[in-house]
Each structure stands twice: as structure tokens, then as C-alpha cells.
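Structure representation (C-alpha cells):
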């Protein structure tokens, strides 16, 4: 549409899908999905085409707990509703005349299903891999094999199932290089190989190739598939522990340190969390974790509710009216680290970004004494007005709608901006944002920084700082140089506050 015809509060919404033939006039494009199909202006469609070009799958996300799926036959023009209106996340692909994929419908941790394209509705699905204690993260077909990526308490696993044998397919675990995270699982459905990225806290992600014989590093002859030149993963210890939250529920947490570090109450610790949008806080590559560990500290990653560490039930236990439980889980992690003698309040820092930035704001306003320093990145902080900025109405399903009195009550109750109290000794805070962030408006960080600077009674000892990156967005696609500059500023702030001395290099 003509930008002049789009209202400021409508930009980024009303997403439609069109069929465009390269070289043709866009005015002749065919509308595939949109218009009257829109159940809500925040509906977010994604499309995929079968290898033969006949079948078009439209996955429509409405929040982070519901995905509707439609199948379009390009040959006949017929459209079939596969699943619609269910509070479940489904991801499918077409291979030949069948659909394969995973769903949380009737299975909060996920199950793998299949159906014929002629009769693909949910009641006709056959379960190939039933729900288990693992959380299914992705499924691809590679010739006669079905590969299923999953996690157990956020630790990645990969299994292979045979599709051409009699009865139910049997799964065989594919050995991974260690404790880590998988991303980007993809395959040629008519071949017998697949690709996936693997990384861990101290191992930069690298591309692996799967064939029936197993996984091996992939190289096109010009490189090593990424991940080269990083730290030695064997020099670091990754432990997974569990600690009790406010309601007695056991919450998982990773602890990363160098092999030669023995924790004491004087050990510097940086604790991070996320707890939202069904995203598990797993053992992914983290340069900050390596830097903290190399400085003699511990990097702690709490798998709080709101994520998917234990599936969709874990997500729902930390969203909407239950969001406070995410914050309670995180604060309990900080308390546990101190109680176990792994650090002390003056040697503890916390950090998080985006939804994790909201977590930081909630933690420091609810428990100003919880730690010495806070890094709060690209955060949401004014939860009374958040839907009015940029595309934030997309997140109403996750947090609640402040225009509804019931939702307003809980949002206002923990909204960090509204919890700031004059005369309180807040920890040192570094807020980082970007002037062109199109996802989370930088006004959140700016107004919160101003409010904290006004309110804190410890401003000289515990500064409140604001870092605004020019010509940058929410973080995706940021050049490596800018990432390094920001990481250097963040680490300098955290190490200064925690009293960590790092020898000069170069």
C-alpha cells in the first residue's frame, strides 16, 4: 500500500501473502492469504512450497501459543483448513503426497504427526512419534529418514526415525559433539542428508552435515563451516543444576566456569534469564559467558517459566496473568547462588535483553538489593502503554492487554517503570538500546533511565547509564564490529561494578 495511507498505529500489521511471478507486473499478483482471511491484524503468516511447486502451506501465528495451518492446492485452487482456532503450535511440510511435522495439539511437549494431503485435517493425523519427556523443536524428512530435533531441559538432542519400515518408526539418537544447542535443521526431503548448526556456551556454532552414517563437520572446500578459531571448549565446565522457586517448583539453571575455578562467596557471577515466548534459555554460544569465565567468574543461565524448557505448560506458567512467576523464578536463582556460597550480593550482576530486559526491570524494581549491577538491553519497561509503540500489539497474547481492566491490574502491578520508588538505593544499571529498533521502541529504555536517575539514592556509587546505538535495530543483523563494541562496553561496566580486574592485552 501507499505508505501515506497507512496509519502510524497500523504499520507492521495486516500481513498478506501474494503469489508473484518474477518478471511480471506486481499489479497482477494473486492474493494467496489476507483480506477476509485475517482473524486479527496481528496474524503473522509464513509460507512454504512443496518441492514440486503444487502445494502451498500457510502457517499463521497468532501469539506464541497458536499457529493455524492452511493447505492450498496450486493445481486446483482448493484450500483446506488443516488446523484452526486451537491453542497449539503446529509446523508441517509436504513430502510427496503426505504431510509431516510436529504439533503441541494434545501434547504440550510436542509429537510428530503425518497425514495424506487429500485428508489433512487434525482429526485425521497419525502420530509417528508420541509425546515424551523431550520437547520437540523441529522435524525434517530426509529421504527414508525422519530427523527430530528436541531438547531435554534445554539440552539439545537429535533422533533419526526410519519411515520405510513396518509399523511405528523406531528412533535412534544421533550423537552430538556435547552439551549444546541446535539451530536451522534442514534437509532435502528426497535426499539422504541434512544440515544443522551446533554450538554451546564455549563453542561457536558450526554447520554439521547428517548422513545415515552420522554427523560430521561440513565444509564446501573453502572453509570449515564456521566455528573455527574459538576458545577450547574442554577448558570450561558446564553444569546443570536445579533450584527451588517461590512455589517450590524446581527450576533448571546452567553454570559455566573454567575448569580451574573453584567457586567461593567472592566469585563474580553474571546471571541471565529470558522466560518468555516459549523460548528455552539453552546452552548456546555466548562470548559474554566465555569472557566472564575467563575472568574467573561464573556465567549462570536460569531456565525460568515463560520459556519452553519443559514444554508449553512451562511457557503458560510464566505468561499473562502468571508472568510474575517468571520474575519470582529469576529472583530465586539469584538467592540460590548466594545461599549456596557461589557468590555474594556485591559480586553478583544480572543481565537480559528484550523480554529479558523486562525481566531485568522487574527484578531490580521488586528487589533492589538482589545484586550489584544490571545490564538491561532493548527492554520493554512501560507495560501500561506498551501496545501503543511500534509492533508491540503482537505481544498482547503473551503479556495481556492493558485496555482490559483485568489485564491492566496485573500489568500495572509489575510494570517496571511504574514500580520505581523515589529514595531507593538501586543497583548500578546500564540500559542499552538502539535508535532504529523497529521491534521495541527505545522510549522504554530512555524514560526508565531518566526515572531511575531521578529516583535512586545511590547514584554516585551505583550509576544509571544509558547507551543508545545509532543506526541500529533490535540486534538481528548487527555487524560484528558493533556487536564487539557493545560487548566491550557491557563487560567493562559489569567488571568495574563487580571489582573484576582483567589484564590489558594488545
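In the working numbering, the protein residues as written are 590 to 1095. Glycine included, C-beta positions come from ideal geometry on N, C-alpha and C.
Leaving aside the five residues before and after residue i along the sequence, list all residues of the same chain whose C-beta is less than 7 Å from its C-beta, in chain order.
i	result
residue 1032	978
residue 952	916, 919, 920, 939, 959
residue 1013	957, 1044, 1045, 1046
residue 834	840, 917, 918, 921
residue 1036	971, 1006
residue 925	832
residue 880	1080
residue 800	781, 782
residue 608	618, 619, 621
residue 753	733
residue 1038	1020, 1053, 1055
residue 1009	954, 1040, 1041, 1044
How many whole angstroms separate the CB atoms of residue i and residue j, which I take to be in contact at a CB cut-off of 8 Å?
i	j	result
residue 769	residue 788	6 Å
residue 701	residue 718	4 Å
residue 744	residue 783	Wrong, their Cβ atoms sit about 20 Å apart, outside the cutoff.
residue 634	residue 604	6 Å
residue 670	residue 693	With a Cβ gap of about 18 Å, residue 670 and residue 693 do not count as contacting.
residue 968	residue 983	No, residue 968 and residue 983 are not in contact; Cβ-Cβ is about 16 Å, not under 8 Å.
residue 763	residue 803	7 Å
residue 627	residue 658	No, residue 627 and residue 658 are not in contact; Cβ-Cβ is about 16 Å, not under 8 Å.
residue 882	residue 846	5 Å
Using C-beta distances below 6 Å, list every residue in its chain close to residue i, excluding the 5 sequence neighbours before and after it, in chain order.
i	result
residue 868	896
residue 1005	950, 951, 954, 970
residue 828	844
residue 822	791, 792
residue 643	663, 664
residue 650	633, 656
residue 720	696, 698, 700
residue 1105	Because the chain here runs from 590 to 1095, residue 1105 falls outside it and cannot be looked at.
residue 676	654, 655
residue 902	697
residue 776	729, 731, 783
residue 875	790
Kindly list the residues whose CB is nearer than 8 Å to the CB of residue i, restricted to its own chain and excluding five residues on each side of it in sequence; keep chain order.
i	result
residue 636	606, 621, 622, 645, 646, 647, 648
residue 759	750, 751
residue 991	972, 973, 974, 975, 976, 997, 1000, 1001
Taking only the alpha-carbon atoms, compute the straight-line gap between residue i and residue j and give it to the nearest angstrom.
i	j	result
residue 1049	residue 995	40 Å
residue 747	residue 710	28 Å
residue 601	residue 980	6 Å
residue 619	residue 1001	45 Å
residue 909	residue 740	24 Å
residue 863	residue 870	7 Å
residue 1023	residue 1058	4 Å
residue 640	residue 785	20 Å
residue 1069	residue 796	19 Å
residue 774	residue 798	10 Å
residue 906	residue 615	45 Å
residue 923	residue 913	16 Å
residue 1092	residue 715	60 Å
residue 832	residue 713	42 Å
residue 660	residue 779	21 Å
residue 686	residue 708	10 Å
residue 928	residue 945	24 Å
residue 611	residue 1067	30 Å
residue 761	residue 722	16 Å
residue 771	residue 1011	45 Å
Are the CB atoms of residue i and residue j nearer to each other than 9 Å?
i	j	result
residue 899	residue 655	no
residue 936	residue 688	no
residue 893	residue 830	no
residue 1026	residue 1056	no
residue 1015	residue 1054	no
residue 1003	residue 866	no
residue 877	residue 1076	yes
residue 820	residue 873	no
residue 731	residue 805	no
residue 854	residue 933	yes
residue 884	residue 684	no
residue 673	residue 630	no
residue 742	residue 691	no
Any chance the CB of residue i is under 8 Å from a heavy atom of the ligand NAP?
i	result
residue 607	What this structure holds is no ligand at all, so the ligand NAP is not there to describe.
- request: Evaluate contact between the stretch 869-888 and the stretch 850-858, counting only Cβ atoms and requiring at least three cross-stretch pairs below 8 Å.
  value: yes
task: Indicate whether the contact test is met: 3 or more Cβ pairs, each with one atom in the stretch 1072-1091 and one in the stretch 1015-1026, closer than 8 Å.
output: yes
message: Is it the case that the stretch 702-713 contacts the stretch 834-851, given that we only count it when at least three CB pairs across the two stretches are under 8 Å?
response: no
query: Is the stretch 962-969 in contact with the stretch 930-945, if contact means three or more CB pairs nearer than 8 Å?
result: yes
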